[in-house]
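Take a look at the structure below.
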Amino acid sequence: MTSTPIHDASPAFGLLLDVDGPIASPVTRTVAIDSIARDLAGMANRGIPVVFNTGRSDAFIAEQVVPRLREFGLLPGTPVFTISEKGAVWAAVEPDGLGEVSIDEELALPPAFGADVAELIRERFADTMFFDHTKRAMVSAEMRVGVGSEEYWAAQKEFDAAIPALIERHGLTGVRIDPTIISTDIESDRLGKDLGARRALELLAARGVEPRSWYTMGDSRTDYAMADWLHGQGRRVTHVDVRPADGVPETDYTVLSHDDEVHDAAGAHFLTRWAADVA
Numbered sequence: 001m002t003s004t005p006i007h008d009a010s011p012a013f014g015l016l017l018d019v020d021g022p023i024a025s026p027v028t029r030t031v032a033i034d035s036i037a038r039d040l041a042g043m044a045n046r047g048i049p050v051v052f053n054t055g056r057s058d059a060f061i062a063e064q065v066v067p068r069l070r071e072f073g074l075l076p077g078t079p080v081f082t083i084s085e086k087g088a089v090w091a092a093v094e095p096d097g098l099g100e101v102s103i104d105e106e107l108a109l110p111p112a113f114g115a116d117v118a119e120l121i122r123e124r125f126a127d128t129m130f131f132d133h134t135k136r137a138m139v140s141a142e143m144r145v146g147v148g149s150e151e152y153w154a155a156q157k158e159f160d161a162a163i164p165a166l167i168e169r170h171g172l173t174g175v176r177i178d179p180t181i182i183s184t185d186i187e188s189d190r191l192g193k194d195l196g197a198r199r200a201l202e203l204l205a206a207r208g209v210e211p212r213s214w215y216t217m218g219d220s221r222t223d224y225a226m227a228d229w230l231h232g233q234g235r236r237v238t239h240v241d242v243r244p245a246d247g248v249p250e251t252d253y254t255v256l257s258h259d260d261e262v263h264d265a266a267g268a269h270f271l272t273r274w275a276a277d278v279a
């Protein structure tokens, strides 16, 4: 591995990556596969932009992702960023943590609403889920580690059904309820992986970096929005779906999936392939 990062204004490709599923295990909520961190750090050190485009908080990236990248030799000054909470929060990623964290306050839900959701969880759903206190703009409830999926999904349906009344009580408009296999996000309907993609290009442009093509990766249908946006902007893009059981839509760009593996095991496969191309 090089001792200083390679600075390439026009790298062969950039990576725009969902975190839960492709990078972090949805079971352990950690970067559990060593090759993922190894390949991401290696590609970043060689000038490949790595942008996490996630619903996770910046705190999750700092606590679960950055230490793994540092462990495998991420160098200072590489083109690595996190775009968290589906575009509401963003920061540069360095080996020792995150740079200055930026927040789009216009997209943040009121703290009083979040407090009511936290109270709802404490009163009725504490056995199956917890309130994510690290979110700055969204309001999120997440499945407790160790709870079975079927048990959580049953509770999640009841939780999701209780949220519209709270939204109405606070007089909120333009708010979306977005359930996933391990969480429910309550968020501005202006957030999304397409907004994250736009912010990614802005952050790289500020450093004078313009990848010649893109790989995007996700585990749900909503993750296709980042590839859709890039394609709509005239960028060459290939999307990797690490959980294609949800159904692969018709697209005007290439979609890849693994024949046998899903989630982070599939993500690891493609990252190793791309890292070999760079090396």
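Positions 1 to 279 (full-length UniProt numbering) are the ones given, in order, by the sequence shown.
All residues carry an ideal CB built from backbone N, CA and C; glycine is no exception.
Quiz item: What are the start and end residues of the beta strand (DSSP E) that includes residue 185?
Solution: Taking the first residue of the sequence shown as 1, we reach residue 185 at position 185. Element bounds for residue 185: 183 to 188.
Q) Around the Cβ of residue 111, are there at least 16 other Cβ atoms within 10 angstroms (buried) or fewer (exposed)? A) In the sequence shown, residue 111 corresponds to position 111, counting from 1. Exposed, because fewer than 16 other Cβ atoms sit within 10 Å of the Cβ of residue 111.
Task: Simplified DSSP state of residue 14, which is helix, strand or coil - done: The residue given as residue 14 occupies position 14 in the sequence shown. It is a strand residue.
Nearest candidate by alpha-carbon position, reference residue 136, set 37, 239, 229, 115
As a position in the sequence shown, residue 136 is number 136, starting the count at 1. Answer by Cα proximity: 115.
I think residue 53 touches residue 98, with their Cβ atoms under 8 Å apart; what is that distance to the nearest whole Å?
Looking up residue 53 in the sequence shown gives position 53. Looking up residue 98 in the sequence shown gives position 98. The Cβ separation is near 15 Å, so there is no contact.
- prompt: Where DSSP assigns a beta bridge to residue 177, which residues make up the other side?
  reply: Indexing the sequence shown from 1 puts residue 177 at position 177. In DSSP, residue 177 forms a bridge with 186.
Within 10 angstroms of the Cβ of residue 133, are there 16 or more other Cβ atoms? Answer buried if so, exposed if not. Walking along the sequence shown from the start, residue 133 turns up at place 133. It is exposed - the Cβ of residue 133 has fewer than 16 other Cβ atoms within 10 Å.
Could you check what DSSP says for residue 261 in three-state terms: helix, strand or coil? Here residue 261 refers to the residue found at position 261 of the sequence shown. Coil at residue 261, not helix or strand.
task: Provide the residue(s) that pair with residue 20 in DSSP beta bridges, ordered along the chain.
output: On the sequence shown, residue 20 is found 20 positions in, with the first residue counted as 1. Note: residue 20 sits in a beta bridge opposite 24.
- Task: Leaving out five residues on either side along the sequence, give the residues of the same chain with a beta carbon under 7 Å from the beta carbon of residue 208.
- Result: Residue mapping note: residue 208 aligns to position 208 of the sequence shown, counting from 1. Only 9 meet the Cβ criterion.
Does DSSP put residue 143 in a helix, a strand or coil?
Locating residue 143 in the sequence shown gives position 143, where the first residue counts as 1. Three-state DSSP puts residue 143 in a strand.
Cβ-heavy atom distance between residue 227 and the ligand FAD below 7 Å?
Only the bare structure without any ligand can be found here, which leaves the ligand FAD out of the picture.
Would you list, in sequence order, the uninterrupted alpha helix (DSSP H) runs of no fewer than 4 residues that lie entirely inside the segment 71 to 131? 111 to 120
Practice item. Kindly list the residues whose CB is nearer than 6 Å to the CB of residue 273, restricted to its own chain and excluding five residues on each side of it in sequence; keep chain order. Key: The residue given as residue 273 occupies position 273 in the sequence shown. Hits under 6 Å: none found.
- Roughly how many angstroms separate the alpha carbons of residue 90 and residue 51, rounded to a whole number? As a working mapping, residue 90 is identified with position 90 in the sequence shown. As a working mapping, residue 51 is identified with position 51 in the sequence shown. Rounded to the nearest whole angstrom, the C-alpha separation of residue 90 and residue 51 is 10 Å.
**Asked** For residue 214, which residues from the same chain have a beta carbon less than 8 Å from its beta carbon, with the 5 sequence-adjacent residues on both sides left out?
**Response** The count along the sequence shown starts at 1 and reaches residue 214 at position 214. Excluding positions up to five away in sequence, the list reads 13, 14, 15, 16, 227, 230, 235, 236, 237, 238.
What does DSSP give as the partner residue(s) for residue 214 in the beta ladder? Against the sequence shown, residue 214 aligns to sequence position 214. DSSP, once it has assigned bridges, lists 14, 237 as partnering residue 214.
### Query
Is it true that the segment 138 to 145 meets the segment 181 to 196, where meeting means three or more beta-carbon pairs spaced less than 8 Å apart?
yes
Worksheet item: Exposed or buried, which one is residue 263 when buried takes at least 16 other CB atoms within 10 Å?
Response: As a first step, residue 263 must be located in the sequence shown, where it is residue number 263. Buried: at least 16 other Cβ atoms inside 10 Å.
- prompt: Below 8 Å, can you find three or more Cβ-Cβ pairs linking the segment 81 to 90 to the segment 195 to 202?
  reply: Yes: at least three Cβ pairs fall under 8 Å.
Check: Between the C-alpha atoms of residue 125 and residue 217, what's the straight-line distance to the nearest angstrom?
Finding: Along the sequence shown, read from residue 1 onward, the residue named residue 125 stands at position 125. Along the sequence shown, read from residue 1 onward, the residue named residue 217 stands at position 217. One C-alpha to the other measures close to 31 Å.
| request: For residue 157, count neighbouring C-beta atoms within 10 Å of its own C-beta (all shown protein chains included) and say buried if the count is 16 or more, exposed if not. | output: By 1-based counting over the sequence shown, the position of residue 157 is 157. By the 10 Å Cβ count, residue 157 comes out exposed.
So, at 7 Å on beta carbons, what are the nonlocal neighbours of residue 1 in its own chain, with the 5 sequence-adjacent residues on each side left out?
Counted from its first residue, the sequence shown places residue 1 at position 1. With a pLDDT of only 45 at residue 1, under 50, the local geometry of the prediction cannot be trusted, and no value is derived from it.
State the DSSP-derived secondary structure class of residue 255, mapped to helix, strand or coil. As a position in the sequence shown, residue 255 is number 255, starting the count at 1. Strand.
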